[in-house]
Amino acid sequence: MSSVDHVTVEKMISDTGIDFDDEPYTAPPGEEGLDISHEGGEYKAFEGLSEQTLIYHGYLGCSPLRPTVAISIRTLATYRQYHRACPRFSIQAQCKALCNLHDMPYQPYLNLQFSDTYDIYLEILHHVDRCLNKALMRNTPNWCLLNACPCCSYKLQDEPPQVIDWLFCIDGNNTRSDYWVDQATVDTFKDMVRRSEANVDDWENHVAEKAGPGSNFNCTEWWRNAGPEQRKKMFSVFDDAKYPLALISQLLPVFGANGSCAYDIGCAFAKTLSNSSLGPLAANLNLRMMVGAFHGHAHNRRCQLDWHPMYIEGTGQTEGEGCEHIFSSLNELARSTRHASRFHRHQTIEEHFTFWDEDKYAALSHFLRNHYQEALTLVHTLTIELSAVKQVLNLTDADFIRFHADEKSYLESLKEPPLQDRLQIRYVQVLNELAEWRTAKALTSHIETQLAIEARWTVGGDNYKKYKEEALLQKYCVALDELERLVVMRLFELSKLSLSGTGYKLRQQIGKALQRRSDAIRNAINKYNLQAAALDPPRPQLSWKDIADYSFLGEFDLLRYSCTDIRQVDWSKPAYREASVKFFKLRQAHEEIQRLNIEVRRLWTAIHDEDTQMTATVNTLLDSHLALGQELQKRWKLRSAVNSVHLFRLDQIESQPGFSGIRGIG
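Positions -19 to 646 (our numbering) are the ones given, in order, by the sequence shown.
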């Protein structure tokens, strides 16, 4: 403990009427941490001493009355920071390390003693936090939500209007959350919207032939079928709409209008939201659903054109995958919380998010600087490239918007073929069956009656040839669907295989699945090429290298030509498509710069206002409550150092040649 801390503690204890004649004891370097008084032994330094005395000397006892074991506060604070830097570092590992430092054998009961003391230490910190938040007027409802990020929520009066004012991400992980919505609130949305039936029993035996080219593409079903076996039950939780509805019901009243929500199945959830009791509120506040950039590429192309961030105005370079970053960090807690009690699990999660907020605040200016530089580089590069492409292809910016609309219209037309066409395709199939099975005669007559056909079609006739081609095209699309499904599964497993923290057994399981998947993909390629060659004109043949290039799965939809040959349409040509992507990325980069200009100024202003408020509060507390004022002064020292780094980086942003925002505070 520092001299200032000793004076503070001594003043707090003297207020209770306790006198101290002894000088404070400070352990020699290397000896601090753990002191044990063995019954009948020679170490009785803390026997009979009160907790006030131990705290005055820089220790916390493991029991409230007559403690025989005490742990230094510095050791507890050190473990808290170790656990912050490495969440896998457990109390057991800390106790073993202390035993090794003190040349004593490790005993399992030390874990319980250290854990109890650490609980007391965190409770003291929590009480101090509450007192400081009250002094700083940070104990109002929703204060933490509204002030989690000054770049996002510290709005200024003279800001230019934005298409999207605030963005949030949601996902299905309900077990590790910083803010908890009570069960009663969640249950108010139970059965509000009828749950879609989740087929989790036989999706493994899914027959691809059931999905024809005219079937409506359900992205939720696609995600269910694209995942590994252990995802089956997880989707039964995702299908229950009450959880995301409860989250949105809490966020909309706090943040207000012009928000955007990124969700893995945001395309399907948008309909659920509009049909719920929150639908009118979400519509009035102009809430825009979208699918994250990574997950969006696993949705079909028609879905991407409406829900992918690249095609949504106002998103900038937002990827909408914030939950994935949080889950990646939370995975580090799995080992230390798996067998913990409910209390300690919640305690660890709360501590983790406290550190997460502090770390992310410290990285804000670094984030802004990097994104500003990336956006400027993209604007410079894409402007040159796009200008050259537009000159060669004789295009304008309006053409790219038109290509986007034309592609949407074309893919929309592929949703469902006319009933007449389906009947005629079925008629051809029945005719083939009739040649082999005379028992199909009754069914043939029935369909002829439905189609009002007077003269039976002959094999080789014009109508027969026409709709036989449609039947071949249907088989071709089925083969393409199966190939795409296997590629999606392979991509997910490849990404999981490279994740940090994936255990050996899981890596082995994924490796075997990848080996099987590769063989299945090769067989699917052969089937696809067989069906593609049977069409007139033949469709492009695919190789293993082509499949590797189709890492963004929206390209598969362009192979579905249906009744319309789009090979000569501008938007379907590779050069035009590449130019369109450059156009939308350039638009995103310009949007990103506009948003960063606002966020840089918000951070400048927030730091200035916080400094003013903190200085005034510290001076007030030093007069009214010395101990609390000194604690706030100590914490502000670290915060002020972080803010100094922010100001240096913000000055770098404003000094670079491409900066286009307003300098200084707002």
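Note that CB positions come from ideal geometry on N, CA and C, so glycine has one too. Predicted, not measured: the structure shown is a model, and the values here were computed from it.
*By a C-beta neighbour count over all protein chains shown, 10 Å radius and 16 as the cutoff for buried, is residue 282 buried or exposed?*
buried
_What residue range does the alpha helix (DSSP H) around residue 616 cover?_
Counting along the chain, residue 616 sits inside the alpha helix (DSSP H) bounded by residues 606 to 635.
*Measuring CB to CB, does residue 460 end up less than 7 Å from residue 508?*
yes
_Closest Cα partner of residue 345 within the set 634, 30, 71, 112_ = 634
*Taking only runs of the alpha helix (DSSP H) that begin and end inside the segment 42 to 86, which ones reach a length of at least 4 residues, in chain order?*
53 to 65, 71 to 81
*asked:* Between which residues of its own chain and residue 242 is the CB-CB distance below 6 Å, once the five residues before and five after are set aside?
replied: 149, 270, 272, 300
*Looking at residue 54 and the ligand PLP, is the gap between the Cβ and the nearest heavy atom below 6 Å?*
With respect to small molecules bound, the structure shown includes none, and the ligand PLP cannot be examined in it.
_Our contact map puts residue 584 next to residue 645 with C-beta atoms below 8 Å; I'd like the distance itself, whole angstroms only._
5 Å
*DSSP state of residue 555 mapped onto helix, strand, coil*: helix
*Tell me, which residues are paired with residue 241 by DSSP?*
In DSSP, residue 241 forms a bridge with 148, 269.
_Looking only at its chain, what residues have a beta carbon closer than 8 Å to the beta carbon of residue 325, apart from the 5 residues adjacent to it on each side?_
If we look at residue 325 and ignore the five residues flanking it on each side, its Cβ neighbours are 317.
_Same chain only: Cβ atoms within 8 Å of residue 351, ignoring 5 sequence neighbours per side_ = Sequence-distant Cβ neighbours of residue 351 in its own chain, meaning closer than 8 Å and more than five residues away, are 297, 572, 576.
*Along the chain, where does the alpha helix (DSSP H) that runs through residue 377 open and close?*
377 to 393
*DSSP-derived helix/strand/coil call for residue 101*: helix
*residue 507 CB to nearest chain E CB: under 7 Å?*
As a matter of chain content, chain E is missing from the structure shown, which is built from one protein chain.
*Hey, quick one: how far does the alpha helix (DSSP H) through residue 302 stretch, first residue to last?*
302 to 310
*Relative to the C-alpha of residue 259, which residue among 169, 588, 332, 554 is closest?*
In terms of CA proximity to residue 259, 169 leads the group 169, 588, 332, 554.
*Less than 8 Å between the CB atoms is what I'm expecting for residue 67 and residue 360, so what's the real figure, rounded?*
Actually they do not touch by this definition, with Cβ atoms about 40 Å apart.
*Should residue 278 be labelled buried (16 or more other beta-carbon atoms within 10 Å of its own) or exposed?*
buried
*DSSP on residue 159, reduced to helix/strand/coil?*
coil
*Would you call the CB atoms of residue 304 and residue 143 closer than 7 Å?*
no
_Give me the residue from 266, 578, 642, 601 with the minimum Cα distance to residue 134._
578
*asked:* Could you give the first and the last residue of the continuous alpha helix (DSSP H) run that contains residue 233?
replied: 222 to 235
*asked:* Considering just the uninterrupted stretch of the alpha helix (DSSP H) at residue 256, what are its terminal residues?
replied: From DSSP, residue 256 is part of no alpha helix (DSSP H); its letter is neither H nor E.
*Taking all protein chains shown into account, do 16 or more other C-beta atoms lie within 10 angstroms of the C-beta of residue 234, making it buried, or fewer, making it exposed?*
Residue environment analysis places residue 234 among the exposed positions, since fewer than 16 neighbouring C-beta atoms fall within 10 angstroms of its C-beta.
*Grouping DSSP H, G and I as helix and E and B as strand, with all else coil, what is residue 116?*
For residue 116, the secondary structure class from DSSP, reduced to helix, strand or coil, is coil.
*Should residue 586 be labelled buried (16 or more other beta-carbon atoms within 10 Å of its own) or exposed?*
buried
*Nearest-angstrom Cα separation, counted from residue 137 out to residue 237*: 16 Å
*asked:* With the cut-off set at 7 Å, would you say residue 74 and residue 59 are in Cβ contact?
replied: In contact: residue 74 and residue 59 (Cβ atoms closer than 7 Å).
_Inter-residue spacing [alpha-carbon to alpha-carbon] between residue 370 and residue 302_ = One C-alpha to the other measures close to 35 Å.
*Is the beta carbon of residue 553 less than 7 Å from the beta carbon of residue 511?*
No, they are not a contact pair.
_Between the alpha carbons of residue 387 and residue 284, how many angstroms are there, rounded?_
11 Å
*Hey, is the segment 618 to 630 in contact with the segment 551 to 565, meaning 3+ C-beta pairs nearer than 8 Å?*
no
*Identify whether residue 40 lies in helix, strand or coil by the three-state DSSP scheme.*
strand
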